[in-house]
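Residue numbers (the working numbering), protein chains in the order written: chain X, -3 to 468; chain Y, -6 to 79.
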């Protein structure tokens, strides 16, 4: 199969779908490729194992190599991880933009991104969760935070007509979450973009220092060679895959930063046994944040789910686990996310990505503090018992790396932006240093941890890239 | 016939994890194996969590705990049809 286009976008997640829609609506002939499938909302079942298998890369079983090993769930298919995230929307914190200006020469502070934030938020119907929709799980944490005088608030989300199905991470059966698979991708198609699923891009074709298109395979009933001829390629395959695609194409490696500087939001969660009925899966799972300790790199955010979700995460074993699960309706859960100082890397081993990440001392200290704060939050809210994700008898202040039970979200930075070709893979306009016609529009360009969920940052950067390309 | 959801999840994992997970589940569902795993700390906890994922995903178990996945899906589907959502 061979196609020609003005632009080939690789990846239909938070960055790629936005670029494709904006460019197509601006008059460009766009081909949008994604390795995963197009998901049919009628196939969503609200059952965690089945949805993990269908909506996540590797069934959500991607694990980093390092100390401690960290689960790294990533979405798969049109929509990418926006399909399975909690729908949480934060703009890039001004302090982070100022830091990028200082450390990476990126001129994105001082309101430069505001029009892009507004454009994305309009497209996704971003608005705050109401207390009623937040549910009783959020109310437990809100009560604790209020009593302690900790700063907190209801989260803004990209949802429209949400009824609190409680399964955001397993695909919204009401199509209330405005993920890019049902917003930007249809917009791109309506504007004439051709969307190909099952398209695995092997390399970016370059001749004479300029992009000529991409080559790969289209899977399906039979595998066929795929070639897209295009003078402009936008890589948006995600923080794990993008550096590997650039490396396979012999691009972006001059600075020595390709595949390095991986930043994550390592996270964990605690449970509380309450006297009241909580029914954590009724309402928006991530509807409340506590940002009292955000300046220290510690963000507390809601998390909840069906019994299978809780059973997987509940840090108990044997009879204690069974007893707590029998009381599921009175279980509350809340999460802790660390804005990391640790840095990891991504490389290819036997054709598969290997993610290396070791938690540094500063981040271990953040988890010790954060876990103690989570316990305080729940106890103040009236918990009968608090179950921290630590081995029995281990106090937060004495927790070691191997004691932590971590997941991580929001991988960023493996093709980081920097104005200098010696320090970054892409420049401030997200063009790959050293080649013409290749841009990157996903989390890999984000040069540091944000401390907040990154989808709006990625989409705003993608919007700025697309509008910039249309203007040239 | 619809595949068992838990089996689908196990099968979706990358090869080394898939083999390891299957071995752990096989051990954890046998009394002597479970006793052995309990002595292995984090590995034991992982196997217990995975077995629990299967147990509490069963519709009859989840319904007893107040969560009816079929009802959640039916409500979502009705909303999509009634309001013309994607």
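Cβ atoms here follow ideal geometry from the backbone N, Cα and C, with glycine treated the same way.
Just the C-alpha distance for residue 418(X) and residue 250(X), rounded to the nearest angstrom, thanks. On the first chain, residue 418(X) is found 422 positions in, with the first residue counted as 1. On the first chain, residue 250(X) is found 254 positions in, with the first residue counted as 1. Roughly 7 Å between the two C-alpha positions.
Using 7 Å as the limit for Cβ to Cβ distance, is residue 54(X) near chain Y? Here residue 54(X) corresponds to residue number 58 of the first chain, with the count starting at 1. With 7 Å as the cut-off, residue 54(X) counts as an interface residue toward chain Y.
Does residue 416(X) get closer than 7 Å to chain Y when you measure Cβ to Cβ? Taking the first residue of the first chain as 1, we reach residue 416(X) at position 420. Not one chain Y Cβ lies under 7 Å of residue 416(X).
Can you tell me which of the three DSSP states residue 341(X) falls into? To locate residue 341(X), count along the first chain from 1; it is residue 345. Correct three-state label for residue 341(X): strand.
I'd like the list of long-range same chain contacts for residue 72(X), defined as Cβ closer than 7 Å, with 5 residues on each side in sequence excluded. Residue 72(X) sits at position 76 when you count from the first residue of the first chain. Answer for residue 72(X): 32, 51, 52, 53, listed in chain order.
Mind checking whether residue 503(X) and residue 69(Y) have CB atoms under 7 Å apart? Any property of residue 503(X) remains undetermined from this structure, which presents chain X solely from -3 to 468.
N-terminal and C-terminal residue of the alpha helix (DSSP H) that residue 100(X) is part of: Within the first chain, the letter at position 104 stands for residue 100(X). 90 to 100 is the span of the alpha helix (DSSP H), which, as asked, contains residue 100(X).
Look at the alpha carbon of residue 302(X) and the alpha carbon of residue 27(X), and state the distance between them as a whole number of angstroms. Against the first chain, residue 302(X) aligns to sequence position 306. Against the first chain, residue 27(X) aligns to sequence position 31. Looking at the two C-alpha atoms, the distance is approximately 38 Å.
For residue 110(X), report the span of its alpha helix (DSSP H) as first-last. Within the first chain, residue 110(X) is the residue found at index 114, counting from 1. Run containing residue 110(X): 110 to 119, per the alpha helix (DSSP H) assignment.
Fully enclosed by the segment 369 to 428 of chain X, which beta strand (DSSP E) runs are 3 residues long or longer? 381 to 383, 403 to 408
Run through chain Y and tell me which residues come within less than 9 Å of residue 178(X), C-beta to C-beta. Here the question's residue 178(X) lines up with position 182 in the first chain. Ordered by position in chain Y, the residues that pass the 9 Å Cβ test against residue 178(X) are 78, 79.
Give the secondary structure of residue 265(X) by DSSP, where H, G and I count as helix, E and B as strand, and everything else as coil. By 1-based counting over the first chain, the position of residue 265(X) is 269. Of the three classes helix, strand and coil, the one that applies to residue 265(X) here is strand, per DSSP.
Considering just the uninterrupted stretch of the beta strand (DSSP E) at residue 329(X), what are its terminal residues? Position 333 of the first chain holds residue 329(X). Run containing residue 329(X): 327 to 334, per the beta strand (DSSP E) assignment.
Identify whether residue 159(X) lies in helix, strand or coil by the three-state DSSP scheme. As a position in the first chain, residue 159(X) is number 163, starting the count at 1. Reduced to three states, the DSSP call for residue 159(X) is coil.
Hey, residue 320(X) and residue 383(X) are a contact pair by Cβ (cut 8 Å); roughly how many whole angstroms apart? Looking up residue 320(X) in the first chain gives position 324. Looking up residue 383(X) in the first chain gives position 387. Yes, residue 320(X) and residue 383(X) are in contact; Cβ-Cβ is about 7 Å, under 8 Å.
What did DSSP end up calling residue 353(X) once you bin it into helix, strand or coil? What you label residue 353(X) is simply residue 357 of the first chain in a count that begins at 1. If DSSP states are grouped into helix, strand and coil, residue 353(X) belongs with coil.
Report, in whole angstroms, the separation of the C-beta atoms of residue 238(X) and residue 440(X), which I expect to be a contact under 8 Å. On the first chain, position 242 is the one that residue 238(X) refers to. On the first chain, position 444 is the one that residue 440(X) refers to. Yes, residue 238(X) and residue 440(X) are in contact; Cβ-Cβ is about 4 Å, under 8 Å.
Measuring only from the beta carbon, is residue 452(X) closer than 6 Å to any heavy atom that is part of the ligand NAD? With respect to the ligand NAD, the structure offers nothing, as it holds no ligand at all.
Once DSSP output is grouped into helix, strand and coil, what is the label at residue 235(X)? The residue labelled residue 235(X) in the question sits at position 239 within the first chain. Coil, per DSSP.
Which ranges would you report for the beta strand (DSSP E) in the segment 429 to 460 of chain X if only whole runs of at least 3 residues count? 434 to 436
From 373(X), 308(X), 309(X), 292(X), pick the residue whose C-alpha is nearest to that of residue 337(X); which is it? For the purposes of this step, residue 337(X) is taken as residue 341 along the first chain, with counting starting at 1. For the residues 373(X), 308(X), 309(X), 292(X), the minimum Cα distance to residue 337(X) belongs to 292(X).
Is the shortest distance between the beta-carbon of residue 13(X) and the beta-carbons of chain Y less than 7 Å? Taking the first chain and counting its residues from 1, one reaches residue 13(X) at position 17. Chain Y, which has no Cβ nearer than 7 Å to the Cβ of residue 13(X), makes this no.
Would you call the segment 25 to 36 of chain Y in contact with the segment 358 to 372 of chain X, where contact means no fewer than 3 C-beta pairs closer than 8 Å? no
Can you tell me which of -1(X), 44(X), 463(X) puts its alpha carbon nearest to the alpha carbon of residue 470(X)? Here chain X covers residues -3 to 468 and nothing more, so residue 470(X) does not appear.
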